[in-house]
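Chains as they are written, first to last, in the numbering used here: chain A, 1 to 193; chain B, 1 to 193.
Have a look at the structure below, then the notes.
There are 2 protein chains.
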Amino acid sequence: MDTREALLEAAVEVFADLGWRGTTTRRIADRAGVNEVTLFRHFGSKEALIEAAVASVAGRDLPPRLPVDPSDIRAELIGWSLGMHAHAIRHAKMIRTSLAEFEEHPGLAPVTCDGAIQAMDDVVRYLTRARALGLIATEGSLEAATMMLMNTIVLDGITWDIIPRRVPVTPGEAVGNFVDLILRSLGATRAAE
Amino acid sequence: MDTREALLEAAVEVFADLGWRGTTTRRIADRAGVNEVTLFRHFGSKEALIEAAVASVAGRDLPPRLPVDPSDIRAELIGWSLGMHAHAIRHAKMIRTSLAEFEEHPGLAPVTCDGAIQAMDDVVRYLTRARALGLIATEGSLEAATMMLMNTIVLDGITWDIIPRRVPVTPGEAVGNFVDLILRSLGATRAAE
DNA sequence: CGCAATTGCAAGCAACCACTTGCAGTCAGG
DNA sequence: CCTGACTGCAAGTGGTTGCTTGCAATTGCG
């Protein structure tokens, strides 16, 4: 109904599929069910549209923040990780495209990744609190562990439909394995039980 | 000197920078210092050239295989990981582009990733042997640990120039942290010492 | 009703795209 | 010297690109 919204939505979809150069104003207009001229009347240029469109979806579907005080670390981390994994899968094409477009349009990737980077801070904060509470060992870099968990989950998610898995694995199993390894590496008390 | 080689080299560079649609035959010919017509006489089409070019660099600069029998696990894994990290950084643009191009050209990403996937098998084999030798604990999925190490290193490498690091970190420090965490998660004997 | 904002439509613009054709120049091998 | 392989150059094909212009139709609001 809302022309502007339809254009933003269509622009994101086309951009995720075909990249900047593949995203022609005609294609966007077609997918939005709108005349091409209307696109220019609303946004002025293809560049302005795509930038607005990418910004409008950045941070969508990110998992909720972790609790202030850790109680069941394993359950909480698995829940958070599953959310992040789902986010990566849902926006896989868009994330991949934004990363590749970094050379020509350096503004897009930071916008796309910003939510994830902030989420990392949240995990570090959570783990720091867990360490203060004596729930994990005092050794090991929490920043490195967080980065490791995040990188693993995100890359697994954005290559989910690309990389063939010899053993069929559900997101739950994959994420569960990753979290267990991270907890063990941090010396979580009774991590594997 | 060799026209064909120059075209392949130029095609990879332009493709990594500008993606499939940005890689015009004129740009390739210019960078190769060759007439555009010569390109078509050699490869027939833009598609054939790019595919040949991507295939010609796939697997370049991959780290050497791990030894059959683990001795110093930490040193060996760090060496291997540094090699993989350097590979990811060196071919970051090309890897990012190939991943993004998966929607339109599904053949490129598998070619680009094939070497890394084979390398993962090698790591699993190495860790399995280490476990048989009693160098790491008997619990924990070696496949998951390998995937975790690989994903972390690769994503760290291909976003090395994109994601701002609040704390400046050298590849050696980053990789060292990751390997230490993995070893601890696998219960490597005296991993941290 | 009357006015203004929004939209669709048809047409066109110059620039660029992959790719082709024809011709002339160079250079090594017989 | 002659031939064949390789190359450069100029020109042109039909198609697509981002973007503009002019005009008619619709809609909501006072």
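The beta carbon of each residue, even a glycine, is placed where N, CA and C say it ideally should be.
- Taken through DSSP and simplified to helix, strand or coil, Leu-18 (chain A) comes out as helix.
- Residues are counted here when their Cβ sits less than 9 Å from a Cβ of chain B; for the region 139-155 of chain A these are Glu-139, Gly-140, Ser-141, Glu-143, Ala-144, Ala-145, Met-147, Met-148, Leu-149, Met-150, Asn-151, Thr-152, Ile-153, Val-154 and Leu-155, given in chain order.
- Exposed is the label assigned to Leu-133 (chain B), since fewer than 16 other Cβ atoms lie within 10 Å of its Cβ.
- Note on Gly-140 (chain B): 16 or more other CB atoms within 10 angstroms of its CB, so buried under the neighbour-count rule.
- The continuous alpha helix (DSSP H) containing Phe-178 (chain A) extends over residues 171-185.
- With respect to Ala-88 (chain B), Ile-78 (chain B) sits apart: the two C-beta atoms are not nearer than 8 Å.
- For Glu-47 (chain A), the uninterrupted alpha helix (DSSP H) segment begins and ends at 46-57.
- Within a 10 Å sphere around the beta-carbon of Asp-180 (chain B) sit 16 or more other beta-carbons, which makes this residue buried.
- Contact between Asn-35 (chain B) and Asp-156 (chain A) does not hold, since their C-beta atoms are separated by about 45 Å, which reaches or exceeds 8 Å.
- Interface criterion met: the Cβ of Leu-99 (chain A) is under 8 Å from a Cβ in chain B.
- For the region 109-124 of chain A, the residues whose beta carbon sits under 8 Å from a beta carbon of chain B are, in order, Ala-109, Pro-110, Cys-113 and Ile-117.
- Scanning the region 115-154 of chain B for uninterrupted beta strand (DSSP E) segments of 3 residues or longer gives nothing; none is fully contained.
- Legend: CB atoms of the region 46-66 of chain A lying less than 9 Å from CB atoms of chain B are not found in any residue.
- Here Ala-53 (chain B) is buried, its C-beta having at least 16 other C-beta atoms within 10 Å.
- Its chain contains Val-111 as the residues whose beta carbon lies nearer than 6 Å to that of Ala-55 (chain B), once the 5 sequence neighbours on both sides are disregarded; these appear in chain order.
- Between the C-alpha atoms of Lys-46 (chain B) and Phe-178 (chain A) there is a straight-line separation of about 42 Å.
- When Cβ-Cβ separations below 8 Å define contact, Ser-81 (chain B) makes no contact with chain A.
- Sequence-distant partners of Gly-59 (chain A) (beyond 5 residues in either direction) whose C-beta falls short of 8 Å from its own C-beta, in its chain, are Asp-114 and Gly-115.
- Taking C-beta separations shorter than 6 Å and ignoring five residues to either side along the sequence, the partners of Val-123 (chain A) in its chain run Thr-146, following chain order.
- The C-beta distance from Leu-183 (chain A) to Arg-74 (chain A) rounds to 6 Å, short enough to meet the 8 Å contact threshold.
- Between Arg-4 (chain B) and the set B:Gly-44, B:Phe-15 and B:Thr-24, the nearest pair of CA atoms involves B:Gly-44.
- By the C-beta density criterion, Val-57 (chain B) is buried, having at least 16 other C-beta atoms within 10 angstroms.
- Spatial neighbours of Thr-25 (chain A) in its own chain (CB-CB distance under 6 Å, excluding positions within 5 residues in sequence) are listed in chain order as Glu-36, Leu-39 and Lys-46.
- Taking 8 Å as the CB threshold, Leu-127 (chain B) stays off the interface with chain A.
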